[in-house]
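Asker:
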Amino acid sequence: METLKSYVQEHKNRFINELIELLKIPSVSADTAYHQHIITTANAVKASLEKAGCDFVEICETPGNPIVYGEKTIDPTLPTVLVYGHYDVQPADPIELWTSPPFEPVIKKTEIHPEGAIFARGSCDDKGQMYMHVKALEYMIQSNTLPCNVKFMIEGEEEIGSNSLAWFVERNQEKLKNDVILISDTGMISNQQPSITTGLRGLSYVEVEVTGPNRDLHSGLYGGAVANPINVLSKMIASLHDENNHVTIPGFYDKVEELSVEERAEMAKAPFNLENYKKSLDLNDIYGEKGYVTNERNSIRPTLDVNGIWGGYTGEGAKTVIASQAFAKISMRLVPNQDWEEITELFTQHFINIAPAGVKVKVKPHHGGQGYVTPTDSIGYKAANKAYTETFGVPAIPVRSGGSIPIVALFEKELKSKTILMGFGLDSDAIHSPNEHFGIFNYLKGIETIPLFYKYFVEMSK
Ligand code: BES
Ligand code: MN
Ligand code: MN
292 METLKSYVQE
302 HKNRFINELI
312 ELLKIPSVSA
322 DTAYHQHIIT
332 TANAVKASLE
342 KAGCDFVEIC
352 ETPGNPIVYG
362 EKTIDPTLPT
372 VLVYGHYDVQ
382 PADPIELWTS
392 PPFEPVIKKT
402 EIHPEGAIFA
412 RGSCDDKGQM
422 YMHVKALEYM
432 IQSNTLPCNV
442 KFMIEGEEEI
452 GSNSLAWFVE
462 RNQEKLKNDV
472 ILISDTGMIS
482 NQQPSITTGL
492 RGLSYVEVEV
502 TGPNRDLHSG
512 LYGGAVANPI
522 NVLSKMIASL
532 HDENNHVTIP
542 GFYDKVEELS
552 VEERAEMAKA
562 PFNLENYKKS
572 LDLNDIYGEK
582 GYVTNERNSI
592 RPTLDVNGIW
602 GGYTGEGAKT
612 VIASQAFAKI
622 SMRLVPNQDW
632 EEITELFTQH
642 FINIAPAGVK
652 VKVKPHHGGQ
662 GYVTPTDSIG
672 YKAANKAYTE
682 TFGVPAIPVR
692 SGGSIPIVAL
702 FEKELKSKTI
712 LMGFGLDSDA
722 IHSPNEHFGI
732 FNYLKGIETI
742 PLFYKYFVEM
752 SK
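Just so we're aligned, residue 292 is where the sequence shown starts under this note's numbering, counting upward by one.
1) Quick check on DSSP: helix, strand or coil for Leu310?
2) Bridge partners for Gly730 per DSSP, in chain order?
3) Just grab the DSSP bridge partners of Ile398 for me.
4) Among residues of its own chain, excluding the 5 on either side of Pro438, which ones have a beta-carbon nearer than 7 Å to its beta-carbon?
5) Give me every residue whose Cβ sits closer than 5 Å to any heavy atom of ligand 2, in chain order.
6) Taking Cβ to Cβ, would you say Phe410 is nearer than 9 Å to Lys399?
7) Does at least one heavy atom of ligand 1 sit under 8 Å from the Cβ of Gln484?
8) Which one of Thr332, Asp533, Ser455, Gln640 has the shortest CA to CA distance from Pro697?
9) Rounded to whole angstroms, what is the Cα-Cα separation between Glu387 and Ser719?
10) Leaving out the 5 sequence neighbours to the left and right, which residues in its chain are closer than 6 Å to Gly716 when beta-carbon positions are compared?
11) Does the distance between the C-beta of Gly381 and the nearest non-hydrogen atom of ligand 3 fall short of 8 Å?
12) Measure the C-alpha to C-alpha separation of Ile528 and Tyr604 and round it to an integer number of angstroms.
13) Considering Gln433, what are the terminal residues of the beta strand (DSSP E) in which it resides?
14) Let me know if His509 comes out buried or exposed under the rule of 16 or more other beta-carbons within 10 Å of its beta-carbon.
15) Return the residue from the list Leu310, Val319, Glu352 that minimises the CA-CA distance to Val336.
16) Per DSSP, what kind of secondary structure is Asn586 in: helix, strand or coil?
17) Under the rule that 16 or more other beta-carbon atoms within 10 Å means buried, what is Ala324, buried or exposed?
18) For a minimum of 3 consecutive residues, which ranges assigned as the beta strand (DSSP E) are wholly contained in the segment 603-684?
19) Shorter than 8 Å, the distance from the beta carbon of Glu450 to the closest heavy atom of ligand 1, or not?
20) Please go through the segment 551-586 and give each complete alpha helix (DSSP H) segment of 4 or more residues, from N-terminal end onward.
21) With a cut-off of 8 Å, do at least 3 Cβ pairs link the segment 663-677 to the segment 510-523?
22) Would you call the segment 657-670 and the segment 427-437 touching, i.e. three or more CB-CB distances under 8 Å?
23) Who are the Cβ neighbours of Ala246 in its own chain at under 6 Å, not counting the five residues just before and after it?
24) I'd like to know if Asn435 contacts chain D, where contact means its C-beta is closer than 9 Å to some C-beta of that chain.
25) Pull up the distance between the alpha-carbon of Gly407 and that of Ile643, whole angstroms please.
26) According to DSSP, is Trp458 helix, strand or coil?
27) Tell me whether His728, by its Cβ, gets closer than 8 Å to a heavy atom of ligand 3.
28) For Phe394, which residues of its own chain have a beta-carbon under 8 Å away from its beta-carbon, when the five flanking residues on both sides are left out?
29) For Ala561, which residues from the same chain have a beta carbon less than 8 Å from its beta carbon, with the 5 sequence-adjacent residues on both sides left out?
30) Based on Cα-Cα distance, which residue from Tyr568, Tyr544, Arg588 lies nearest to Asp630?
31) Kindly give me the distance between the Cβ atoms of Pro541 and His641, rounded to whole angstroms, as I take these residues to be in contact under 8 Å.
32) When the Cα of Leu465 is compared with those of Glu566, Asn334, Thr371, which residue comes out closest?
33) Assuming Tyr298 contacts Tyr422 (C-beta within less than 8 Å), just tell me the rounded distance between them.
34) When you compare only the Cα positions, how much space is there between Thr294 and Gly671?
35) Between Ile688 and ligand 1, is there a pair consisting of the residue's CB and a ligand heavy atom that are separated by less than 8 Å?
36) Inspect the beta-carbon positions of Glu498 and Val652 and report whether they are closer than 9 Å.
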C-alpha cells in the first residue's frame with residue numbers, strides 16, 4: 292500500500308490543521324458550563340464524518356450529551372467494523388501550569404517527539420486518536436480500498452462515566468451490530484515499539500464526607516475536645532493501606548485474578564527502564580504494593596487512590612479553625628473478576644465501620660465499570676498486530692493497561708463482540724495533565740496503520 296503512505300504525506304498538513312480546529316473547541320464534559328461546546332464539537336465530528344464519505348451520519352440525542360453515529364455500508368454480506376471514540380475532554384485545570392493555552396493548539400518539539408507534537412487538551416485523549424479513524428476512512432473511500440462496512444460511534448461523556456452511551460447501546464443493539472470494535476483511546480510502549488492493549492482496569496469512584504461539629508469552630512477554644520473532621524478523614528484514609536501497601540478493605544482482593552508465574556514472566560518481557568521512569572517523573576524512588584513490580588502494580592493489581600481532598604481553611608495566611616466538614620474523592624482501579632458495584636459496597640461498609648464516634652460519615656458512589664481482558668489469538672488481535680508490524684517494522688507487544696474504558700466490558704456484554712485497542716499515544720503525552728500533547732508522528736502513523744487493520748481483518752475473516 293505505497294499509495295497509503297503517499298496519501299498521508301500529501302495530505303498531512305490538512306490532517307493536522309483539521310485536528311487543530313477540532314481541538315480549539317473546549318468540549319469539557321465534567322463542567323456543565325461547557326455544554327454549548329459539547330454540542331458544537333458533536334456537530335463538527337458529524338460534519339467530518341460526512342466529509343470523509345459516510346453515507347449516513349446523525350446526532351443521537353441521549354439523556355446526556357449527544358452521540359455521533361455514522362456508517363458506510365458497501366456490502367451487507369461483508370464484515371462490519373465499529374469504531375468507538377470520544378469527543379469530550381478532561382477539564383484543563385490547573386490552567387496556570389500549561390505552557391500554552393489548552394484550547395489554542397500549538398505544535399512544539401519535545402525530546403520524545405522531535406518531529407513535533409500538538410499541545411492541547413484532548414489532542415491525545417481522545418480527539419486526536421479518534422480523528423485518525425476519520426482520516427483513515429477518508430483515505431479508504433478516496434482510494435476505493437474500504438474492504439468492509441464501517442460504523443462510527445463517537446460519544447461525549449467518556450470522561451464522566453459514559454452513562455448515556457450505556458443507555459444508547461442497550462437500546463440500539465441491532466443498529467450497532469458488528470464483527471469487531473476498534474478503539475484508539477489507549478497508548479503504546481514507545482514510537483519504536485508498538486503495543487496492543489489487551490487489558491483495561493475497572494473502576495469504582497466514590498466521594499466521602501466526614502462531618503464533625505455543626506459549624507466551624509475556634510481551634511483554640513474547641514481544639515482537642517471534639518473530633519476534627521480533617522484529622523479524622525486523614526487517619527481513615529491512611530488506614531486504607533497497610534505497611535506493605537495492600538488495601539485493607541475486607542474482601543477487596545477476594546476475586547482478584549492471580550496471574551501465573553508464566554504470565555508474569557511474559558509481562559516482564561515488555562521493555563521497561565526503571566531509571567528512565569523515575570527520571571521522567573523526577574522521583575528518587577518508586578512506591579507500591581509489596582511483591583509486585585511497577586508494570587504489575589499499574590496493570591494487573593487493584594489500587595486505591597485519593598484523587599482530591601479538601602476542607603477547612605486553605606486561603607492565604609493562617610486561620611485558626613476546626614472545620615465542620617472534610618471531603619475526599621477516592622478511586623479504586625479494579626482488575627478482571629472484581630465487580631465494581633460489589634467493591635463500592637465493600638468500601639462503603641468499611642469506611643462507615645472505621646469512622647470513630649464523634650463524626651458522621653457519608654459515602655457517595657460516583658461511577659464505575661468493569662475491567663477487561665482480550666485474548667491475543669483472535670482475528671482482530673492478529674490483524675492489528677500485522678498492521679503495526681507493517682508500519683513500525685516490528686511486531687506489537689501485548690500490554691495490559693492500568694487505565695479504564697468502562698464501556699468496553701459493556702460492549703462485550705451487550706453487543707457480543709471483542710474490542711481491539713489500537714492506541715497510538717504515549718504515557719508521556721500527559722493525558723489528563725497540563726500540557727497534554729500528541730506526536731505528529733503518532734497521529735500520522737495511526738492514520739497509516741488503521742487501513743491495514745481493516746485490510747487484514749477482512750482477509751483473515753474470510
Ligand atoms: N483514554 C482514557 C483511558 C486510557 C488511557 C486507558 C490510556 C489506557 C491508556 C480514558 O479517556 C480515561 O481517561 N478513562 C478514565 C475512566 C473514566 C470512567 C473517567 C480513567 O481511566 O481514569
Ligand atoms: Mn480517552
Ligand atoms: Mn481520559
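Even glycine gets a Cβ: it sits at the ideal position worked out from N, Cα and C.
Source: prediction; values computed, not measured.
Answerer: Answer, in terms of the structure:
1) Reading the sequence shown from its first residue, position 19 is the one you call residue 310. Three-state result, Leu310: helix.
2) Residue 730 sits at position 439 when you count from the first residue of the sequence shown. DSSP lists Ala408 as partners of Gly730.
3) In the sequence shown, the residue the question calls residue 398 occupies position 107. Note: Ile398 sits in a beta bridge opposite Ile409.
4) In the sequence shown, counting from the first residue as 1, residue 438 sits at position 147. Result list for Pro438: Tyr745, Lys746, Val749, in chain order.
5) The set, ordered by position in the chain, is Asp416, Asp417, Asp476.
6) The sequence position of residue 410 within the sequence shown is 119, counting from 1. The sequence position of residue 399 within the sequence shown is 108, counting from 1. Phe410 places its beta carbon less than 9 Å from that of Lys399.
7) On the sequence shown, position 193 is the one that residue 484 refers to. False, no ligand heavy atom lies under 8 Å from that Cβ.
8) In the sequence shown, counting from the first residue as 1, residue 697 sits at position 406. Closest option to Pro697, Cα to Cα, is Ser455.
9) Within the sequence shown, residue 387 is the residue found at index 96, counting from 1. Within the sequence shown, residue 719 is the residue found at index 428, counting from 1. Their Cα atoms are separated by approximately 19 Å.
10) Taking the first residue of the sequence shown as 1, we reach residue 716 at position 425. Taken in chain order, the residues that qualify are Cys415, Gly478.
11) As a first step, residue 381 must be located in the sequence shown, where it is residue number 90. According to the sequence provided, residue 381 is Gln. The question's Gly does not apply to it. Relative to ligand 3, the beta carbon of Gln381 is positioned inside 8 Å of a heavy atom.
12) In the sequence shown, counting from the first residue as 1, residue 528 sits at position 237. In the sequence shown, counting from the first residue as 1, residue 604 sits at position 313. Going from the Cα of Ile528 to the Cα of Tyr604 covers about 20 Å.
13) Position 142 of the sequence shown, counting from 1, holds the residue named residue 433. Premise fails: Gln433 lies in the alpha helix (DSSP H), 418-433, not in any beta strand (DSSP E).
14) Within the sequence shown, residue 509 is the residue found at index 218, counting from 1. Exposed.
15) The sequence position of residue 336 within the sequence shown is 45, counting from 1. Nearest of Leu310, Val319, Glu352 to Val336, Cα basis: Leu310.
16) For the purposes of this step, residue 586 is taken as residue 295 along the sequence shown, with counting starting at 1. The three-state secondary structure of Asn586, taken from DSSP, is helix.
17) Numbered from 1 along the sequence shown, position 33 holds the residue referred to as residue 324. Within a 10 Å sphere around the beta-carbon of Ala324 sit fewer than 16 other beta-carbons, which makes this residue exposed.
18) Counting whole runs of 3 or more residues, the segment 603-684 contains the beta strand (DSSP E) stretches 616-625, 651-660.
19) Working through the sequence shown from its first residue, we reach residue 450 at position 159. Under cutoff, so the answer is yes.
20) Taking only runs of at least 4 residues, the alpha helix (DSSP H) segments lying wholly in the segment 551-586 are 552-558, 565-571.
21) Touching, no, given that fewer than three Cβ pairs across the two stretches are closer than 8 Å.
22) With a cut-off of 8 Å on Cβ pairs, the segment 657-670 is not in contact with the segment 427-437, counting fewer than three such pairs.
23) Not covered by the structure: residue 246. The range shown for the chain is 292 to 753.
24) Checking the listed chains, one finds no chain D in this structure; it contains a single protein chain.
25) By 1-based counting over the sequence shown, the position of residue 407 is 116. By 1-based counting over the sequence shown, the position of residue 643 is 352. Rounded to the nearest angstrom, the two C-alpha atoms are 50 Å apart.
26) The residue given as residue 458 occupies position 167 in the sequence shown. Trp458 falls in the helix class under three-state DSSP.
27) The sequence position of residue 728 within the sequence shown is 437, counting from 1. For ligand 3, not one heavy atom lies less than 8 Å from the Cβ of His728.
28) Working through the sequence shown from its first residue, we reach residue 394 at position 103. Contacts found: Leu314, Lys315, Ile316, Pro317, Ala383, Ala411, Arg412.
29) As a first step, residue 561 must be located in the sequence shown, where it is residue number 270. Here Ala561 has Ile480, Ser486, Asn586, Ile688, Val690 as same chain residues with Cβ atoms under 8 Å from its own Cβ, once five neighbours each way along the sequence are excluded.
30) Here residue 630 refers to the residue found at position 339 when the sequence shown is read from its first residue. Selected option, being the one with the closest Cα: Tyr544.
31) Stepping through the sequence shown from its first residue, residue 541 is reached at position 250. Stepping through the sequence shown from its first residue, residue 641 is reached at position 350. Cβ atoms of Pro541 and His641 come within 8 Å of each other, at about 6 Å.
32) If you number the sequence shown from 1, residue 465 lands on position 174. One point to set straight first is that residue 465 is Glu, not Leu, in the sequence displayed. The shortest C-alpha to C-alpha distance from Glu465 to any of Glu566, Asn334, Thr371 is the one to Thr371.
33) As a position in the sequence shown, residue 298 is number 7, starting the count at 1. As a position in the sequence shown, residue 422 is number 131, starting the count at 1. Contact flag wrong, Cβ pair sits at about 16 Å.
34) Numbered from 1 along the sequence shown, position 3 holds the residue referred to as residue 294. Numbered from 1 along the sequence shown, position 380 holds the residue referred to as residue 671. Taking the straight line joining both Cα atoms gives about 24 Å.
35) The residue given as residue 688 occupies position 397 in the sequence shown. The closest heavy atom of ligand 1 lies 8 Å or more from the beta carbon of Ile688.
36) As a position in the sequence shown, residue 498 is number 207, starting the count at 1. As a position in the sequence shown, residue 652 is number 361, starting the count at 1. Contact: no.
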